[in-house]
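Have a look at the structure below before the remarks.
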Amino acid sequence: MVLHNYQILWKQTPVEERLTEPKLVIPWDFESMIKAFACGGYELISCEKVLTNIGRIEFYPYAWPYGGSDVFRALNEYSGFKIIDESV
1 MVLHNYQILW
11 KQTPVEERLT
21 EPKLVIPWDF
31 ESMIKAFACG
41 GYELISCEKV
51 LTNIGRIEFY
61 PYAWPYGGSD
71 VFRALNEYSG
81 FKIIDESV
């Protein structure tokens with residue numbers, strides 16, 4: 001999305017909807033995703049193939065709250081996978 005169009009959409013969207021409006025969500029770029037992995041406060045325990053079409057990523061956060069699992073979601077989406085379950 002071009003920055004100008006994004007700014008117009010931002011201004012037209014009611015304030016209470018701006019952070020949840022799907023059209024305003026900007027996808028992670030690859031460099032930001034790698035940087036988030038490098039600076040994250042967690043330990044990657046495993047990333048494994050469970051079945052032919054199912055995998056699992058397990059990590060241990062060093063602190064709570066740890067900032068969420070957005071970077072892991074971004075990795076899945078970037079790789080063309082879908083998240084079917086998430087547990088804390």
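Sequential numbering of the sequence shown, starting at 1, is according to the working numbering. Cβ atoms here follow ideal geometry from the backbone N, Cα and C, with glycine treated the same way.
Whole angstroms are fine: how far does the CA of Arg56 sit from the CA of Val50?
Counting from one through the sequence shown, the residue named residue 50 turns up at place 50. Counting from one through the sequence shown, the residue named residue 56 turns up at place 56. Cα to Cα, Val50 sits roughly 7 Å from Arg56.
Determine which residues share a DSSP beta bridge with Tyr42 and list them.
The sequence position of residue 42 within the sequence shown is 42, counting from 1. Partner(s): Pro61.
Can you grab the Cα-Cα spacing for the pair Glu48 / Lys11, in whole Å?
Taking the sequence shown and counting its residues from 1, one reaches residue 48 at position 48. Taking the sequence shown and counting its residues from 1, one reaches residue 11 at position 11. CA-CA distance, Glu48 to Lys11, rounds to 43 Å.
In whole angstroms, give me the CA-to-CA distance for Tyr60 and Phe81.
Within the sequence shown, the letter at position 60 stands for residue 60. Within the sequence shown, the letter at position 81 stands for residue 81. Rounded to the nearest angstrom, the two C-alpha atoms are 21 Å apart.
Would you tell me roughly how many angstroms separate the C-alpha atoms of Tyr62 and Gly68, rounded to the nearest one?
Translated into positions along the sequence shown, residue 62 becomes position 62. Translated into positions along the sequence shown, residue 68 becomes position 68. The straight-line gap from Cα to Cα measures roughly 12 Å.
Using only alpha-carbon positions, find the residue among Pro22, Phe72, Glu21 and Asn53 that is nearest to Ser46.
Here residue 46 refers to the residue found at position 46 when the sequence shown is read from its first residue. Nearest of Pro22, Phe72, Glu21 and Asn53 to Ser46, Cα basis: Phe72.
For Lys82, does the three-state DSSP call read helix, strand or coil?
Taking the first residue of the sequence shown as 1, we reach residue 82 at position 82. Coil.
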